[in-house]
Every structure is written in structure tokens, then in C-alpha cells.
Amino acid sequence: MTRDEIFSKVRDVLVDALAVDEEDVKPQSRLTTDLGAESIDFLDIVFKLEQQFGFKIAQGELFPENVAQDPEYVKDGKVTPKGITALKARLPHADFSKFEADPQIAKVAEVFTVDALVTFVERKLAAK
Amino acid sequence: MRWMWIDRVLELVPRQKLVAIKHVSLAEEHLHDHFAATPGRDALPVMPASLIIEGCAQTAGILVGHAEDFREKVILAKVGKFEISRDAFPGQTLRYTATIQQMDKVGAATTTAIELMDHTAAGAPSIAAIGRIDLIFSHLDNNMSGEKFPEHNFVFGEGFKTLLRSSGVAGTW
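Here it is, written out as C-alpha cells:
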């Protein structure tokens, strides 16, 4: 499956899960800020990606969990360098370059762009 | 019984399917307001769609809760697509068939088919498919934010257990 084909299917998933218009879903769109996703939508997206692409996504594999609860990873509302290293290792599909400049935990969800989802699916399909 | 919008469980296939019914009754007070007569228009007592959604959520929620022996606090987290094509009138029966599409530690995705049973003088009711709804449930203690909730399972109270018992569903919960 080409990256364009994956994008098109990921877009269908997001249109369905988030009730957004097709033209609003662009590679750089952030799921939360741009497309209005809330935390429960992430579970919906995981389920719908599993159905669409026929693979299983483990808990925490696509979106991080409990990062804010770990004092080693978060200090004074910001993700520590150690936390960023851990996040990068756990979530290789996401681009943390912008986040690193201002690593507020409240903004961590912004690394989840449509492009990150496409990369995630691409990696999963390649590993199949 | 408090806020129960299904009357009886007809069938339970653990982790797969739960069928429940709701009789629409003119004794239910809300039907008299939904919709009351106005000058120029007769009263139109019909089951509110919002309460049909609640009934579907209870049907699917019990199925999801039963899958883990009611240890999880199962809460309705998201209403996906909801379609309904006909009204349900007093004396008719709504039948909800909930199925689990996907389930993991965090929650479950379900679909519920909505049918309308219209009772006839001749005997067996006619049954028509009138809608469906997709609902997502969250296992509250496995929420993504890691937030903690009271240990006591406040979701599945006595009302649900009484419903299951009176429907003949055996269990140890």
C-alpha cells in the first residue's frame, strides 16, 4: 500500500471518528488542536484503524499513556529531557522536533498529526 | 427502579451479544410532555430518541460489563452514529440487540440494532428494523490520563443486578 493510499484510508477513519470534513484532514493537521479530538476519540481512532488495516494496536503503542504521572518524565508541567527521550523511543512515528522547543505536558497531544498516524500505519504494515 | 430504560434481557451471549426490550407505556409521564397538545395540534406521545439512546447504552453497557464480570467501571464515553427512522408509540416494544465489535483493556466499541415490535390482535407482533447506534465505552480505571476513581463500582448498582436476575441471567456478581 502506498503512503497516499494509507493517507486516504486514515482520512476516512478520521472523518468517521471525528465528524470532520474530508478537506479539513491534511497531513499536518493536529488531531486535537485542528481536528477537535478529545481523549476518548483516541480509543475510537485506535479501534477504527485496527478495523481498517487489520492489525492489532497494543495499549500505549500509538498514543502515550500515563506520561504525566511519572515524576521522572514530567516536572513543573514540562516533559523532562529524559521524558522526551522515552517518548521518542516509545512513539517513533511522531515528530517531537517542535514539541522539544516548548515541552509543556499539556501540549504533548499536538505531536499527533495525521502524518504521524500515516507513518504509524506504514510501519505497522511493513512489520507485518 | 431508578433510570432503567430497558425492561428485560432476552438473550445474553457473553462477550458477543445482548438482546433487551423496552415496552413503551402511556403510564410513563414523560410521554405526556413529549409531545403535549398545543393549540392547533393534537398530543403526540412518542418515545424520546434520547431515551432510546440511553436504553441502547444500558443494553450495550451491560454486555461490556458482563464480559469482565462487572469488575470494570464501564461508562458510556462516546456516541458515534445514531440513525432512527420511525417513532415508537405507547403499546409498542423496542428491541435492542447490542454486539461488541472490539474490546480491549481500555474500553469497547459496540453496535446496537434497534427494532420496533408492533403488537397485533392476531398474535405474533410484526418486527421492523428502525435504526442503529455505535457506542464507545471506556473502562474508567484504565483511562488514558491515569486518573483514579473510587474503588466501589458505582456504575453497576442494584438496579442492573435486579434487571439481570429478573430476566433469569445467572451470575455471581
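Protein sequence lines, in the order shown, are assigned to chains D and R.
Taken in order, the first sequence gives residues 1 to 128; the numbers are from this note's numbering.
Taken in order, the second sequence gives residues 1001 to 1173; the numbers are from this note's numbering.
All C-beta atoms in this analysis are idealised placements derived from N, C-alpha and C, irrespective of residue type, glycine included.
Quick caveat, the model's predicted, so the values are computed rather than measured.
For a quick check, are the C-beta atoms of residue i and residue j less than 8 Å apart?
i, j, result
"R/A1027", "R/L1135", "no"
"R/T1111", "R/T1099", "yes"
"R/I1053", "R/V1155", "no"
"R/M1047", "R/V1024", "yes"
"R/I1062", "R/F1160", "yes"
"R/V1019", "R/E1011", "yes"
"D/E72", "D/T85", "no"
"R/A1043", "R/A1049", "no"
"R/I1133", "R/E1115", "no"
"R/G1107", "R/A1077", "yes"
"D/G77", "D/Q104", "yes"
"D/E50", "R/Q1058", "no"
"R/F1149", "R/V1064", "no"
"D/S29", "D/V114", "yes"
Reducing DSSP to helix, strand and coil, say where residue i ends up.
i, result
"R/D1134", "strand"
"D/E61", "coil"
"R/D1141", "helix"
"R/I1006", "coil"
"D/F7", "helix"
"R/D1069", "coil"
"R/V1106", "coil"
Please report the straight-line C-alpha distance between residue i and residue j, rounded to a whole angstrom.
i, j, result
"R/R1041", "R/H1032", "14 Å"
"R/E1151", "R/R1071", "10 Å"
"D/A110", "R/H1034", "Looking at the sequence shown, residue 110 of chain D is not Ala but Glu. Between D/E110 and R/H1034, the C-alpha separation is close to 44 Å."
"D/L91", "R/K1081", "30 Å"
"R/R1095", "R/V1009", "10 Å"
"D/L43", "R/R1086", "31 Å"
"D/G129", "R/E1068", "Residue 129 of chain D falls outside the range modelled here, since chain D spans only 1 to 128, and no answer is possible."
"D/V25", "D/V67", "27 Å"
"D/I21", "D/D102", "The sequence given here places Asp at residue 21 of chain D; Ile does not occur at that position. Rounded to the nearest angstrom, the two C-alpha atoms are 30 Å apart."
"D/L125", "D/E5", "12 Å"
"D/R11", "R/L1051", "32 Å"
"D/D70", "D/Q52", "33 Å"
| the region 37–48 of chain D: which residues have C-beta closer than 9 Å to a C-beta of chain R, in chain order? | E38, S39, I40, D41, F42, L43, D44, V46, F47, K48
| said: Under 8 Å, CB to CB, which of the residues in the region 1096–1107 of chain R have a partner in chain D? | reply: Answer set for the region 1096–1107 of chain R: Q1101, Q1102, D1104, K1105, V1106, G1107.
| In the region 1011–1062 of chain R, which residue ranges form an unbroken alpha helix (DSSP H) of at least 4 residues, counting only runs that do not cross its ends? | 1030–1033
| field | Any alpha helix (DSSP H) of 4 or more consecutive residues that is wholly inside the region 61–115 of chain D | value | 81–90, 97–101
| query | Taking Cβ-Cβ distances below 7 Å as the criterion, which residues of the region 1120–1135 of chain R are in contact with chain D? | reply | none
| Members of the region 1014–1028 of chain R that neighbour chain D once the beta carbon cut-off is set at 8 Å | Within the region 1014–1028 of chain R, no residue qualifies.
| query | Which residues, in chain order, does the region 1069–1091 of chain R contribute to contact with chain D at a C-beta distance below 9 Å? | reply | A1077, K1078, G1080, K1081
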